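Presented below is the structure to which this report refers.
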Amino acid sequence: MTSFCGSLKVFRKVIISHTYRHTCVYTYIPIKTHTLTHTYIYYYIACVHIYLFTPHLHHSLYLFVFANKPCPFIQILTTSCIHLSSMTFVKVRMKYKDDKPGRQPEKSSRVVPIGVMFVVLCGLSFYLGGIFCSERNRISTDQVSKAVDSVESTVSGPIQVKSVLFPECSADLQDYTPCTDPKRWMKYGRYRLTFMERHCPPVFDRKECLIPPPDGYKEPIRWPKSKDECWYRNVPYDWINKQKSNQHWLRKEGEKFYFPGGGTMFPNGVSAYVDQMQNLIPGMTDGTLRTAIDTGCGVASWGGDLLDRGILTVSLAPRDNHEAQVQFALERGIPAILGIISTQRLPFPSNSFDMAHCSRCLIPWTEFGGIYLLEVHRILRPGGFWVLSGPPINYKRRWRGWNTTIEDQKSDYEKLKKLLTSMCFKLYNMKEDIAVWQKTSDNNCYKQLDVPDTYPPKCDDGTEPDSAWYTPLRPCVVVPNPKHKKLSLQSVAKWPERLHEAPDRIGDIKGSSAGDFNRDDSMWKNRVAHYKTLLSILGTDKIRNVMDMNTRYGGFAASLIKDPLWVMNVVSSYAPNTLPVVYDRGLIGTYHDWCEAFSTYPRTYDLLHVDSLFTLESHRCEMKYVLLEMDRILRPNGHALIRESGYFADAVATIAKGLRWDCHVNDTEDGNSKEKILVCRKKLWYSQSS
């Protein structure tokens, strides 16, 4: 520690919430470099210097403050950079990212009250922010860029890594979902089913092994046949077959599961159910409706049927000990993601979906002040539709089969109507078991929320409507920004015209414009044409489930729109917020942080596409763990298209050998010597321990 100057002043007993991951970045200027195993980030802060040591990114934080003598940098290092035996430190307890607090120090050890420390740290943050935002800032952006260039110029070539053969995981991890692991549920609260939300393991608990397929695993049945059947050995769950046999979700015959299209609320089949819905919502047939979300999706039969009608649906369901609903959906080739409306926002931007659907999804819509309905309101486009079938709809006829009383169901229905009216929904249509509400396109309706003591109130200006990565649900109405004139369902272009039109919200992204959007669209057409020469099966029925791991505007997905596949577009929670543009085009996607596991089961994607992900995220995410996660979600014999700078491409190829991937390095479509394209295939292998 002799390289650091100034006297050491230690603040003890500081509680910092998980929101530290998004804390005021305007107070510092980063200059970064990295190696494969270490990441160095230097921050210039004049005369006050803080040393942060993070051995486990979401677990604990060590805080040191140096003062009294000018020092030029703050340094953030990984665990392997420091010998703890040579340090004197005090651990500053934090809440886990999932809100589980660390143990508190004994009361006798209190030195600085929490309130005082909070004020001091906030004051320091604003003071430093003022320094760097003022004209007296002594370091310009150009100087930072030069510093970065000087650091990178010291690198003589691509990073060198050793090939490591990763071992097999045990057979009981064949369906392992790291951030929604039922084995860890007992650690978390049951209030509002918070234990079923994302709770990722700390770094020291991460698996550094390869997830094995089940015994007898076969290559999935190809689309469109897969919509109606799948191999039993690929998703070997007998429980759902037995428990849901009366609802005709699926049935097992020989080596296969068959999906007859039944469901709790559609005894005559899902197609008849959707036909009835189309009669209530004419926009489902003319391209007005394009994107939908199905909460509590079952085996995604509703979303599967809508694919044939030109509507792209995100099927959403939580991880379950037995049912594996999302796994069945993806095995069938239907878009789906693990998730639950509980205490945090869904990982989607505001005003995105054209339609939301709940078919007896068992979500208590009227409880907790209607906070779940408020989340549906947030993600639903103005003029969009919310469809509900099941309790309390048609309660006069159905209540006897719901183990309730007619009085209770009538009360629930009245509460539901009142809540929806207060959120500026209107009853659009209703027939038998299906009710349809429409979100207003007229912002004047929200003026009623300006009245004092009105519930729910408007969200204040400090509530970011698109913030949706570990963001708590808020009991307030997100009012659409009136500056967006082409946001409502009635004003946005119909499908498929909207796919190639620059959306209104492109102007919200710094440095973006309609011209930039059009250039990006053209660029991806050329890139995808080149990809098809490198991977001949792209565009055939051998590739169905595709993920673009760090999209910008969804150009990769748009260029594949005529092929028999669908694309999950992923936007980093740390990148510019381009996901609204993806949805405005009529595509689907989610926010995600690739330092963590994705919300899906193993073996669910045929193709993963990466465009400069490691270049952009190497300062935060360790390459090894990102590639292990890619291996987890990639199907055996699936492919990865990895477009990276030469600095990272060779390292990726080396690590990929340890994953049992076959990779080939190729030139880009324009012969850019700074970039390479890796075409990798994951081998099919079976566990030696089974």
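Residue numbering for the sequence shown follows our numbering, beginning at 1235 and increasing consecutively. Glycine residues also receive a C-beta, built at the ideal position from the N, C-alpha and C atoms. Computed from a predicted structure; not experimentally measured.
If you compare alpha carbons, which of Lys1910, Val1899 and Gly1892 is closest to Lys1917? Gly1892
With 16 as the cutoff for other CB atoms within 10 Å, does Leu1596 come out buried or exposed?
exposed
- Task: From the DSSP output, in three-state form, read off Trp1483 for me.
- Result: coil
- Specify the secondary structure class of Leu1912 as computed by DSSP and reduced to three states. strand
Use the C-beta contact count for Gly1905: other C-beta atoms within 10 angstroms, 16 or more gives buried, fewer gives exposed.
exposed
| message | Can you tell me which residues form a DSSP beta bridge with Gln1578? | response | Pro1706
Where His1764 sits in the DSSP three-state scheme = helix
Margin query: Quick check on this structure: which residue in Arg1612, Ser1593, His1611 and Leu1484 has the alpha carbon closest to the alpha carbon of Ile1627?
Written below: Ser1593
Q) Over what stretch of residues does the alpha helix (DSSP H) that includes Lys1652 continue unbroken? A) Ile1640 to Ser1656
inquiry  = According to DSSP, simplified to helix, strand and coil, what is Val1805?
reply    = strand
For this session: Whole angstroms is fine: what's the gap from Leu1661's alpha carbon to Glu1731's?
Result: 29 Å
With DSSP collapsed to three states, give me the class of Leu1399.
coil
message: What does DSSP give as the partner residue(s) for Ile1527 in the beta ladder?
response: Val1548 and Ala1590
Do Ser1921 and Pro1989 count as a contact pair if the criterion is CB distance below 9 Å? No statement about residue 1989 is possible, as the shown extent of the chain runs from 1235 to 1924 and does not include it.
Alpha carbon of Asp1742 to alpha carbon of Asp1845, nearest angstrom: 23 Å
Taking only runs that begin and end inside the region 1438 to 1515, name each unbroken alpha helix (DSSP H) of 4 or more residues, in chain order. 1472 to 1477 and 1504 to 1514
Requested in this report: Identify whether Phe1659 lies in helix, strand or coil by the three-state DSSP scheme.
Outcome: strand
- Query: Quick one: what does DSSP say Ala1570 is sitting in, helix, strand or coil?
  - Reply: strand
Taking the CB atoms as reference points, tell me whether Arg1739 and Val1815 lie closer together than 9 Å. yes
Handout entry: Anticipated Cβ contact below 8 Å, Cys1434 with Ala1831, distance rounded
Key = 6 Å
Practice prompt. Return the bridge partner residues of Arg1894 from the DSSP annotation.
Written response: In the DSSP output, where bridge partners are listed per residue, Arg1894 has none listed.
- For the alpha helix (DSSP H) containing Tyr1422, list its first residue and its last residue. Unbroken run through Tyr1422: none, as it is neither H nor E.
Can the beta-carbon of Val1899 be found closer than 9 Å to that of Ala1883?
-> yes
How big is the Cα-Cα spacing for Ile1795 and His1718? 26 Å
Open item on the list: The alpha helix (DSSP H) that contains His1718, what's its start and end?
Closed with: Here His1718 belongs to no alpha helix (DSSP H), and DSSP marks it neither H nor E.
Worksheet item: Which word fits Ser1725, buried or exposed, when buried means at least 16 other C-beta atoms lie within 10 angstroms of its C-beta?
Response: exposed
Candidates Tyr1839, Ile1777, Ser1756 and Thr1774: closest to Met1783 by CA position:
Tyr1839
Exercise. Ends of the beta strand (DSSP E) at Asn1780?
Worked result: Checking the displayed sequence, the identity of residue 1780 turns out to be Val instead of Asn. That run of the beta strand (DSSP E) goes Asn1779 to Asp1782.
Quiz item: Rounded to a whole number of angstroms, what is the C-alpha to C-alpha distance between Glu1191 and Trp1758?
Solution: Outside the modelled stretch of the chain, which goes from 1235 to 1924, sits residue 1191, for which no answer is possible.
Which residue wins for smallest C-alpha separation from Arg1819, given the options Phe1587, Asn1637 and Glu1698?
Phe1587
Check your understanding: From Phe1848 to Val1504, what distance separates their C-alpha atoms?
Key -> 42 Å
- request: Check Asn1585 in the structure and name its three-state DSSP category.
  value: coil
*asked:* Helix, strand or coil, according to DSSP, for Ile1627 in the structure here?
replied: coil
Query raised in the report: Short check: CB of Arg1456 to CB of Glu1489, under 9 Å?
Result: no
By the DSSP assignment, the beta strand (DSSP E) with Trp1671 in it spans what residues?
Ile1668 to Lys1673
* Asked: Which residues bound the beta strand (DSSP E) around Ser1793?
  -> First-last for Ser1793: Gly1789 to Ser1793, but that is the alpha helix (DSSP H), not the beta strand (DSSP E).
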